[in-house]
Amino acid sequence: MALPLKRGRNSMTPAQVSQDANHTVLEVILSRENNGITKPQIRYETKLADTIIAKSINLLKLQNKIKEVTDIRNKRTKLFMGAGFEASKEVTGGEWYTDGKLDVEFVSTLKILCLKSMQKVGVATVEDIAESIERLGVFKGNNIDLNQIHQVLESLELEGEVEKMSDDGQGRVSSVPIGKICYRTRAKKLEKTNAMASIPCGICPQISLCTPDGIISPITCVYYKRWLDF
Numbered sequence: 001m002a003l004p005l006k007r008g009r010n011s012m013t014p015a016q017v018s019q020d021a022n023h024t025v026l027e028v029i030l031s032r033e034n035n036g037i038t039k040p041q042i043r044y045e046t047k048l049a050d051t052i053i054a055k056s057i058n059l060l061k062l063q064n065k066i067k068e069v070t071d072i073r074n075k076r077t078k079l080f081m082g083a084g085f086e087a088s089k090e091v092t093g094g095e096w097y098t099d100g101k102l103d104v105e106f107v108s109t110l111k112i113l114c115l116k117s118m119q120k121v122g123v124a125t126v127e128d129i130a131e132s133i134e135r136l137g138v139f140k141g142n143n144i145d146l147n148q149i150h151q152v153l154e155s156l157e158l159e160g161e162v163e164k165m166s167d168d169g170q171g172r173v174s175s176v177p178i179g180k181i182c183y184r185t186r187a188k189k190l191e192k193t194n195a196m197a198s199i200p201c202g203i204c205p206q207i208s209l210c211t212p213d214g215i216i217s218p219i220t221c222v223y224y225k226r227w228l229d230f
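Going by our numbering, the residue at position 110 of the sequence shown is 110; the numbering climbs one at a time, nothing skipped.
Here it is in structure tokens:
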């Protein structure tokens, strides 16, 4: 009795070949999770032709199974990842970037707040500054973590705006525990014009609804008042 011949890849119909390629491309993309993968990397992993990869990617995007993401490290590079993944900080640039662009208003505002916080108490730790900014409520809905504050303080230190120090047990900084890193400003008190240049309006989620005579306005805004009083 003759055994039926096994159907090899070469005997598959074009539709089956396409379906098989789509599955292979999807699996490779999903395997990279939130780091994404480039077309050349997909080609290397799958050994498929560029035309087949391009067709598979277009179909998978139409099916909302994958998405295209800009790599902040090289904006000319297109990364592909599963639609259910949030791109890693290495890809997006983290909290400092919005849609692949540095959020200058956010960074500038945070710098001003850090300086004002230190000027108010003289010497402050990262935790002190974070608590002070949180109480102000300017970044409501956009949590500021200690790492962000630390990065801003490092930047300000490089710019010569602040000085890093710690209590060495000689009473140099008696308001903080011995060995605890703290910061103080080197510059004079901020000019009023500089402080007003980065008012919280630029990062307010309700900015489009704010009008001088509306329900939401500078007069009724509690965050604006807190900013002026800070």
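Each residue gets a CB set at the ideal place from its N, CA and C atoms; glycine is no exception.
Check: Within 10 angstroms of the Cβ of M1, are there 16 or more other Cβ atoms? Answer buried if so, exposed if not.; Outcome: Unreliable placement is indicated for M1, whose pLDDT of 45 sits below 50; the coordinate value is still reported in the next sentence. It counts as exposed.
Check: Whole angstroms is fine: what's the gap from I66's alpha carbon to D103's?; Outcome: 26 Å
Check: Taking its Cβ as the centre, do 16 or more other Cβ atoms sit within 10 Å of Y183, making it buried, or is it exposed?; Outcome: buried
Check: Alpha carbon to alpha carbon, how far is K111 from D128? Give it in angstroms, no decimals.; Outcome: 15 Å
Check: Find out if the Cβ-Cβ distance for the pair L62, V69 is shorter than 8 Å.; Outcome: no
Check: In or out: L113 buried (at least 16 other Cβ within 10 Å) or exposed?; Outcome: buried
Check: Taking the straight line between their C-alpha atoms, what separation do you get for E161 and T125?; Outcome: 15 Å
Check: Please return the same chain residues whose Cβ sits closer than 6 Å to the Cβ of T24, not counting the five positions on each side in sequence.; Outcome: T46
Check: Pick helix, strand or coil for Q19, following the three-state DSSP scheme.; Outcome: helix
Check: For I144, which option in M118, F106 and K180 has the closest C-alpha, if you only look at C-alpha atoms?; Outcome: F106
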